[in-house]
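The block underneath contains the structure these notes are about, expressed in structure tokens.
Residue numbers (our numbering): 93 to 1364.
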């Protein structure tokens, strides 16, 4: 149970959008002039914009760097002052900042904090509650930004084009504008995008423009510096005018002084350099005060004084026993391992599992042949362990969102998009024989949202000098250990096994991947003894484990000791897990073709391009089998054993190691200096293993290639600042200084309709190699590496595991509710304020919004209001919307009133305009006995409906509808010659046929005679056309049963009801009672005999009671199941099995079905009208008052107390003695229908997954090959 996840930062294909809206302070700034904060922020923005416009539009050459440019990833930024049109006392002015940038929020805000915080401080210090970025940690500043961030509901930005790409393309165009041929190609191949700081530094102090790709003529220092100095003086003069409003000597003055140094870094260097002394002397005659102010060194806030944070002489880790093994350092040689994806049916199962789990620690003394054990949890697993929704939302946002939602930022697009993942197979039953299935294999698959944890086991090699064990022998002890752990509790659900293995290089301990490269040789190190001389490669402990400082944060992030979710993170690490399929055959084809073509086209003096050389150019290291195996493409081999002590300083133009080589993209190996204070280069610790058999070079090429690849595992303390940045670089970033249009040679994806190429320099010549892809627009690519699936996990410390075990064990059976009584009380106060200020009509509309709006429900606003009424207002509350009755027992008393205090007859005027007068709008026990006469036959027939039969029909219909749509789509694809098919189903495409089937089975409707159409709700229906079933029975229900329907509902409900009644009369006149048991019973009853209009309106009313209730509950429960991942959890739990019957289905689904319906019950509200004065709770009720019984409040109260009672949603249980008059007779058959529907979704072997739009499901697959002629 959780609120909808609000992702405020809009994102599309790696480009993101960010907006902050902060209220401006009231009052006056501390200056001589009577200036408000609003006026001051306007002065600042105008001055900044004027200076920037002058630099771009007036200066002949803008050489001083721009603060926005220095961030390096901002496409656009705008800042506005929003002023309300009214001048009321409570009117609030806002500063609105909007920015479009490359990458994720986490990485972007880090760079902003590093390079532009002082500028933003100058602006936002004028707003309420602002946390100064320069004086506070990145984390605390980020918390303030998020608190003022508004949601991006729509974003359009040019995809696949970064800010650095625009710089590169301008430089490239300049080259080809003036040069051609091999010379131009060589310049472009060697071209690196200079940073704005480098452009300014070289233009000002070296007299050459680095963006001119070597064509620039060098100026003398004097000639280069004079324009920049004049520009700086003008900018300083403009900034210093703001000192009148940010007076020196005040803290506001300090903020302005800091901002000036951030805005004019090169000019500050110039005026403090002796070479510019004469210029300073001349300028001082006019700007002496401003120059003296700027030449004064700025203060440095304590949080930044030690940055970049020096590495400590000793690791700050105090207890290695608390850290899981295999994270800080790799395990000793292990040839075999496995992953087991797990789900826990309940917290008790998780507690039992953790109670027996013995996780290996970093301090354990390991022995050959031992099994080492690790565990990591998804965010859903942590919820199952007992973390509340509020606690979960304090965890890093990228972890909470998960890998699938971050796909665009990661570059997981097109064939790597989550909608195309080949998900893990449900293969636990296959044990040691569980294979890696090829695409299209008919096996149940596991949605990643159903996974709670991943168990990792590795079998340490007994003797590295001997041949490794066979897979079968190694898997037996691993399987036995998994069985031991799984069998501890029936609620421990093993979902999918992924077997793993390492491939040795010969008989040595060195490992390689399927492409033939040494594996895992460049991980960062923690000990000084392992650090390199050229490239240290040593990192802070806080880059790997949570709870410790890192290079840019002296105070450990996520260190709130009062938050148990933060405390849980200490000594743990986040893990990115990705299954990467390697297409060795495709790579070999490309290598052979490229080297053959290079040989055929090479000139007599051209150096040979061998297979190994091409592989080395693609990777940046030599492959195994080469004399220099593992060595990087550097002028001299690194001296260390792992060939890791090197950088690219000696190869700045990528003449040896291409800019786009895999290792250069993944780690540019830049040195961090004092000037980079606040930067946090991303480093990750890789601990993956291969899967699939080793490549057999002797195997026949015509034989199907077995599945093989890499199970990638990366540990890091921040997914957003570390793994995600590296992954985005590989997919298409500018990390090495070149265009993002050239992706990683191995991991990159071809653009649609584009043959992907890899360009590099070899022997002084530019070489272009065609990789994958096609110039035919819709051809299916064949990438070297394809993402099969992935997820984010957290690997807790051993202490945190013990805490999780205790939290899970202490939960009991009552769910943790997400609504808040305090929040509900605040909402009630807000609504009362509206009533006091704007009147009853405005308040009534506001109450309707709070109680009925879907957004209010998804954020638990209405649930919080109901809870507050139950707990703080005695169970009932008078409002302009009506007297709200929230307490469960009071709600039941409203239902069960003996028609002496409350009446249902308020429905009658609405019924008269719609279906006509029904017994559903009459009180019982009246002298005329009309209710009893008109309801008896209908109610009895509905209660007699066969529940098991209803369940079977619902399950069958849903399965058939799904099967028909899939077959149709496959037929279409086959007819069009497509290789694959894809189908997205909106929920109404399943629910409408299901309800139509019961309109026919129970009520006898059909399309015969043209009186009805078998359709759902249609907005384009016109009077005079046949009404639809079930479509025309939805809106009349809303019109009649909602307490306060709007005019649109009234008009549509009346028109649809009247049309359905007339059609029903015509239908019954022509066909009589039909075979529908309910219609037949009413038609043949004493009251119905000979009275077609009565039968027609009675049956229409019965259908109106059934259809909207089932429709609403099906949609809401499915929405909840999709949001919570329940559907996927159930499909994983019961993969490949079917419920034997209705009771079996009830036992399988009830623990997930009932809470979801209790949370989102339909109808939510049931209303009556007071007849006499009375008291409900503490509310004095007067005749004529509308009494609104919160049926959903009652079911939510049951949910909170752990009671599995649904009948408040049906007005009570009609099968018990003394039931309320209008309790629904069809409650049990309706529940059977709903369970049949959900059983079909849980049981279907079709490859369901969440669709791309809300309330949709997607399926896809390969088009089956046509049968051979001999089989036709």
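Cβ atoms here follow ideal geometry from the backbone N, Cα and C, with glycine treated the same way. All values derive from a computational prediction rather than experimental measurement.
Distance, residue j Cα to residue i Cα
i: residue 103; j: residue 558; result: 51 angstroms
i: residue 1004; j: residue 958; result: 32 angstroms
i: residue 725; j: residue 464; result: 36 angstroms
i: residue 901; j: residue 474; result: 13 angstroms
i: residue 660; j: residue 226; result: 29 angstroms
i: residue 1264; j: residue 1276; result: 8 angstroms
i: residue 854; j: residue 749; result: 9 angstroms
i: residue 1321; j: residue 607; result: 59 angstroms
i: residue 962; j: residue 911; result: 13 angstroms
i: residue 368; j: residue 876; result: 56 angstroms
i: residue 372; j: residue 351; result: 21 angstroms
i: residue 281; j: residue 804; result: 31 angstroms
i: residue 150; j: residue 344; result: 31 angstroms
Where the beta strand (DSSP E) containing residue i begins and where it ends
i: residue 466; result: 463-469
i: residue 586; result: 584-593
i: residue 1259; result: 1257-1262
i: residue 783; result: 781-783
i: residue 1354; result: 1348-1354
i: residue 653; result: Residue 653 -> no beta strand (DSSP E), and no H or E assigned at all.
i: residue 880; result: 877-887
i: residue 646; result: Premise fails: residue 646 is in no beta strand (DSSP E) and is neither H nor E.
i: residue 864; result: 857-865
Limits of the unbroken alpha helix (DSSP H) element including residue i
i: residue 1004; result: 1000-1005
i: residue 134; result: 129-149
i: residue 917; result: 913-930
i: residue 206; result: 197-207
i: residue 617; result: That residue, residue 617, is in no alpha helix (DSSP H); it is neither H nor E in DSSP.
i: residue 259; result: 255-270
i: residue 373; result: 369-387
i: residue 1266; result: Taken as a continuous stretch (DSSP letters only), residue 1266 belongs to no alpha helix (DSSP H), being part of the beta strand (DSSP E) at 1266-1268.
i: residue 1186; result: 1184-1216
i: residue 691; result: 676-693
Residues of its chain near residue i, where Cβ-Cβ distance is below 6 angstroms and the 5 sequence neighbours each way are ignored
i: residue 707; result: 715
i: residue 970; result: 1271
Member of the options whose CA lies at the smallest distance from the CA of residue i
i: residue 1201; options: 385, 1133, 1233 and 1147; result: 1133
i: residue 256; options: 277, 246, 386 and 283; result: 283
i: residue 1298; options: 1316, 1309 and 1310; result: 1316
i: residue 572; options: 679, 392, 430 and 295; result: 430
i: residue 1325; options: 1339, 1233 and 899; result: 1233
i: residue 995; options: 1350, 727, 1259 and 578; result: 1259
i: residue 935; options: 909, 973 and 944; result: 973
i: residue 129; options: 565, 116 and 171; result: 116
i: residue 357; options: 254, 219, 301 and 211; result: 211
i: residue 1185; options: 1194, 451 and 1157; result: 1157
Other residues of its chain near residue i: CB distance less than 7 angstroms, five sequence neighbours each side excluded
i: residue 435; result: 542, 543, 544, 585, 587, 1221, 1224 and 1225
i: residue 831; result: 257 and 260
i: residue 162; result: 207, 288 and 289
Closer than 9 angstroms to chain D by CB, residue i
i: residue 203; result: The chain labelled as chain D is not found in the depicted structure, where only one protein chain is given.
Whole-angstrom C-beta distance between residue j and residue i, which should lie under 8 angstroms
i: residue 244; j: residue 109; result: 5 angstroms
i: residue 808; j: residue 665; result: 7 angstroms
i: residue 889; j: residue 414; result: 5 angstroms
Contact set for residue i: own chain, Cβ-Cβ below 8 angstroms, skip 5 residues either direction
i: residue 501; result: 103, 106, 108, 195, 196, 816 and 820
i: residue 401; result: 632, 641, 642, 643, 644, 645 and 646
i: residue 388; result: 349
i: residue 993; result: 1262, 1263, 1264 and 1266
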